[in-house]
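Chains as they are written, first to last, in my numbering: chain A, 345 to 482; chain B, 345 to 482.
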DNA sequence: GATACATCCTCTAGCCGCTAGAGGTTCAAG
DNA sequence: CTTGAACCTCTAGCGGCTAGAGGATGTATC
């Protein structure tokens with residue numbers, strides 16, 4: 345039986361965060377000692393690891409809720425889990441593309457700054473003048 | 345003189361957001377009509393464009409505050425503006441590296457899913473088993 | 001001048017995913 | 001039996017908006 349602190353260490357999750365997951369129903373209510381402290385078993389440790397790992401992959405808590413639900417029903421077809429993962433992959437790819445464009449523009453800004461007065465600073469100039477910009481008003 | 349709605353259209357910023365920027369002191373208090381409606385001039389339009397453009401480049405509102413401040417003092421040396429931009433560039437590069445790792449793992453997950461029951465789903469399996477994972481506990 | 005109605009106003013509360021802190025209780029070691 | 005680390009609940013805050021209630025203003029048309 346693990347205390348919340350031990351669970352925290354084992355999973356790299358802050359204590360407060362574990363309680364938060366319980367509060368929003370992502371983690372089940374654990375058993376308690378006589379004095380009211382939480383005690384966790386291995387099933388709960390696994391569940392929290394699953395959640396954490398999914399978070400590290402950028403899944404939203406809602407997506408994780410779905411994934412956990414699927415994981416709890418081994419006989420259902422797995423297309424849904426696949427779809428969720430594909431959705432996530434797509435999002436990651438979009439974000440990457442966006443960041444790539446940002447990086448290009450930031451690099452341009454930084455490289456052109458010659459280090460004089462702010463009046464002549466390319467960084468500020470670029471920020472002022474949207475017209476030279478690669479990023480669109482979405 | 346622009347109404348808040350027109351300013352909103354010209355800059356692609358929601359009306360509420362403009363008022364929010366005013367509230368947190370990023371935009372100056374504009375003039376008002378007799379009836380109390382906001383009216384904006386070109387200086388304010390420029391300032392909001394600057395803010396929006398900076399936001400699109402991922403600068404935080406705090407960083408933008410600094411950049412605006414520098415922009416208001418043309419005789420100061422521009423190292424600071426440059427430093428802020430470099431910091432931002434570094435952040436973007438870090439985020440990109442992270443996303444790249446995520447993409448790799450997500451792709452792996454998705455490609456290995458053969459479409460059976462959730463019990464055999466590679467997606468869920470990978471999420472369950474942290475040990476095969478490329479992303480580290482930071 | 002009246003009327004319609006789009007746009008404006010202020011205010012409060014909510015979103016996500018935590019995180020921090022106050023103020024008090026329980027547990028385990030010595 | 002005492003110490004003190006770890007636990008408890010509760011509330012509020014972060015960034016950066018966004019939404020909605022409920023009411024006032026501005027402008028175009030008759």
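Just so you know, even glycine gets a beta-carbon here, dropped at the ideal spot from N, CA and C.
Please read all numbers here as calculations on a predicted model, not as lab measurements.
Neighbour list for residue i in chain A, Cβ cutoff strictly below 9 Å
i                      : result
residue 472 of chain B : 390, 393, 394, 397, 415
Straight-line gap, residue i to residue j (C-alpha atoms, nearest Å)
i                      : j                      : result
residue 380 of chain A : residue 365 of chain A : 18 Å
residue 430 of chain A : residue 348 of chain B : 40 Å
residue 468 of chain A : residue 422 of chain B : 9 Å
residue 466 of chain A : residue 371 of chain B : 23 Å
residue 440 of chain B : residue 447 of chain A : 9 Å
residue 411 of chain A : residue 432 of chain A : 12 Å
residue 462 of chain B : residue 419 of chain A : 6 Å
residue 378 of chain B : residue 406 of chain B : 33 Å
residue 442 of chain A : residue 454 of chain A : 18 Å
residue 471 of chain B : residue 351 of chain B : 47 Å
residue 479 of chain A : residue 369 of chain B : Confidence at residue 479 of chain A is low in this model, with a pLDDT of 47, below 50, so its placement is unreliable and the value that follows should be read with caution. Between residue 479 of chain A and residue 369 of chain B, the C-alpha separation is close to 26 Å.
residue 395 of chain B : residue 399 of chain A : 31 Å
residue 376 of chain A : residue 403 of chain A : 30 Å
Cross-chain neighbours of residue i in chain B, by beta carbon under 8 Å
i                      : result
residue 436 of chain A : 443, 446, 447, 450
residue 468 of chain A : 411, 414, 415, 422, 425
In DSSP terms, what residue i is bridged to
i                      : result
residue 384 of chain A : A:346
residue 376 of chain B : B:382
residue 485 of chain A : Only positions 345 to 482 of chain A appear in this structure, which leaves residue 485 of chain A out of reach.
Neighbour list for residue i in chain B, Cβ cutoff strictly below 7 Å
i                      : result
residue 350 of chain A : Under the 7 Å cutoff, chain B gives no residues; its nearest Cβ is about 16 Å from residue 350 of chain A.
residue 439 of chain A : 443
residue 402 of chain A : 446
Extent of the continuous alpha helix (DSSP H) to which residue i belongs
i                      : result
residue 363 of chain B : 359 to 367
residue 446 of chain B : 423 to 456
residue 370 of chain B : Per DSSP, residue 370 of chain B belongs to no alpha helix (DSSP H) and is neither H nor E.
residue 415 of chain B : 405 to 415
residue 401 of chain B : Residue 401 of chain B -> no alpha helix (DSSP H), and no H or E assigned at all.
Beta-carbon neighbours of residue i, restricted to chain A and to distances below 7 Å
i                      : result
residue 423 of chain B : 459
residue 406 of chain B : Those within 7 Å of residue 406 of chain B in chain A number zero; the least Cβ separation is about 15 Å.
residue 345 of chain B : Here the premise fails: no neighbours, minimum Cβ distance about 22 Å.
residue 453 of chain B : 429
Chain-ordered chain A contacts of residue i [CB-CB under 8 Å]
i                      : result
residue 419 of chain B : 461, 462, 463
residue 432 of chain B : 450
heavy atom of the ligand NAD below 7 Å from residue i C-beta
i                      : result
residue 370 of chain B : Among the components modelled here there is no ligand, and therefore nothing to report on the ligand NAD.
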